[in-house]
Every structure is written in structure tokens, then in C-alpha cells.
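Trainee: Just passing along the structure, written as C-alpha cells.
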Amino acid sequence: MRSKRSQEGYLLIDHRESPGVSADLVHRSGKDAPVVGKNATFESATITCSHCQAVVILNPLRTRPRNYCAACDHYVCDRPGCLTECLPMKKVLDDLHAASVHLIGKEPFNG
Amino acid sequence: MARWSANVPTWTPVAVADTTNFTDAGHMSLQGGTATQRINISEVYMGGQAGASSPSIMLLARDSTVGATLSVGRLAALDAHTAALGTNPVVFNTATTKPQRSATLSLLNLSFNAFGGIVRWVAAPGEEISMYGASASIGETSLSAFTGGTPGLMGSHFILEPF
């Protein structure tokens, strides 16, 4: 049986030899990006949302439960659209490919 | 299929808002080589090369407008025995029709300082970011700077697997 942790990616932001970025800069941008300051290193597990494929940088201080889709057996992100129904991106792409094959009448060769 | 490296050895991101034309040589974008090509991105790397402090808000995102008339960039197979692809994915940072980052389809938000900073994201096997075709919004993915920082010189690569 696969562990949920086997779905985790890895993120490194290394500012050991750098002035880093300030929390103020990141907050002003309105983007939810990790703040790694001067001489600091940030390592974190990440998960890829099964439904939209956004990469979620796991916050170890989060106390709310992670969203999980039992239908595709996968973590999903906090976007409302990803919580309402199970439509994995892999299925969307498979369906697109099947439609393409149907249209062109043969399996395309891309290498 | 085999893994490939798409890379831009040295470039300076130009900060733009979402759904705004990218500036030539100010982004790194990857587009499918055909209308049916599937690509998985398994690694994103950024290495700072700036000579002064350059805090940057970098986004890996799908593009809502894809580039056209592209100047093809560097793409190399990781395995020396990899056979040539039928059609290569296209990594580019110059185009006649400029790509635009989607306002909603951000995949990875990163901030780093290009003065000595290093960023590396690696997906778990099976958890890669996927693309299909060469049309908006799932046919092109870009690494670019969001407004607010002062981006500086850097190098970057994607590790990808085309199907």
C-alpha cells in the first residue's frame, strides 16, 4: 500500500550566501510564497494537487487538516473548485488525448 | 519516455502582472511541440547570478496566452542513449506573439534572492506537473517574475518528460 508521504515532492530555497527576501516584500506582492531570510535555508515537502496540479508548500504550523480526495486517493489544495468534485488533471488530459486520437483517427507519434 | 533538460543558462526576469505580455528574454516558457504532445515537469531549478541584492517573486504558472513564432532554446536529453523525439517540446524566451501568465493557474509560488540564492523543486514520481498540446492554458507553462520584486540575473532549468 502506498503511503501518502510517497506523494510528497521536495522544495529547497537556499539563502545561506544571500541576503534573502523580506516578509514585507512577499506580503506586498499578494502571493503566498515562503519567506526565507538572510543566511537561511528552507526545506519543505510539497504536494501536487491532484485536481488542479498546483504545488502546495506544506506549512508545518498548519493546524487545519489537509484536504484529501478519497475518490482519487490524493491530497488536494484549498481552492474551492478542487474541493467540490473529483476531476483529476490526469483524467482531463487522458480525455483530451482520447478525443484527439478520435479526431485524427490514429495514435499520434510524438517520440 | 526519456527525461530532458530545458534550460536558459543566464537571463534576467522582467516582472509583469498576470495576463500581461511577457518581455522577450525576461521569462522562461515551455510549450508542447505538437497539439497532442504530453509533457510532465518533474523539476524546476533557479540559481541566482546577480551581483547585487535582487529579491524576486517567481511564479511557475500556466499561460492563458501562448507564444507564437518562437525562438527555440536549449533542450537536451539526460540520457546519452535517448532517441530523438518526433517533435521536440519548445523552450523559449523570445516570441513574436508574447505569452501571458494565467491569473488563476499559478502552479508554484516562490520568492528568492537572485544574489546568491538557489531554489530547487522536485516532484515525487507520479506527481509531476503535466501539460498537453500547445494551446492555452495547459499547453504552455512559464517561469516568470511577478510584480513587486527587483529580479536579477539567474539561470534556470526544467527537467521534463515528453510523451
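In the order they appear, the protein sequences are chains A and B.
So the number in my numbering is just where the residue sits in the first sequence, counting from 1, plus 55.
So the number in my numbering is just where the residue sits in the second sequence, counting from 1, plus 78.
Don't be surprised by glycine CBs; every beta carbon is placed ideally from N, CA and C.
1. Distance check for A/His157 and B/Thr225, CA to CA, integer angstroms please.
2. Closest by CA to B/Ala173, which one among B/Met106, B/Pro91, B/Val94, B/Thr97?
3. Under the three-state reduction of DSSP, which class applies to B/Ile216: helix, strand or coil?
4. Quick one: is A/Thr139 near chain B, going by C-beta distance under 7 Å?
5. Return yes when the Cβ of B/Ala139 is within less than 7 Å of the Cβ of B/Ser189, no when it is not.
6. Looking at the strands, I want to know which residues DSSP matches up with B/His235.
7. Touching or not, the segment 90-103 of chain B and the segment 158-167 of chain B, by the rule of three or more beta carbon pairs under 8 Å?
8. What residues from the segment 88-121 of chain B come within 8 Å of chain A, judged by C-beta to C-beta, listed N to C?
9. For B/Ala146, which beta-bridge partners are listed by DSSP?
10. Excluding the 5 residues preceding and the 5 following A/Glu63 in the sequence, name in chain order all residues of the same chain whose CB lies nearer than 7 Å to its CB.
11. Is the segment 229-241 of chain B close to the segment 123-137 of chain B, with three or more CB pairs under 8 Å?
12. What residues in the segment 189-221 of chain B bring their beta carbon closer than 9 Å to a beta carbon of chain A?
13. DSSP three-state label for A/Gln62, please.
Mentor: Concretely, from the data shown:
1. Cα to Cα, the separation comes out at about 43 Å.
2. B/Met106
3. In this structure, B/Ile216 counts as coil in the three-state DSSP scheme.
4. No, its Cβ sits nowhere closer than 7 Å to a Cβ of chain B.
5. no
6. B/Asn85, B/Tyr123
7. no
8. Gly111, Thr112, Ala113, Thr114, Gln115, Arg116
9. B/Thr175
10. Ala100, Thr101, Ile102
11. Enough Cβ pairs lie closer than 8 Å, so yes.
12. Ser189, Phe190, Asn191, Ala192, Phe193, Gly194, Gly195, Ile196, Val197, Arg198, Trp199, Val200, Ala201, Ala202, Pro203, Gly204, Glu205, Glu206, Ile207, Ser208, Met209, Tyr210, Gly211, Ile216
13. A/Gln62 carries a helical assignment under DSSP once its states are collapsed to helix, strand and coil.
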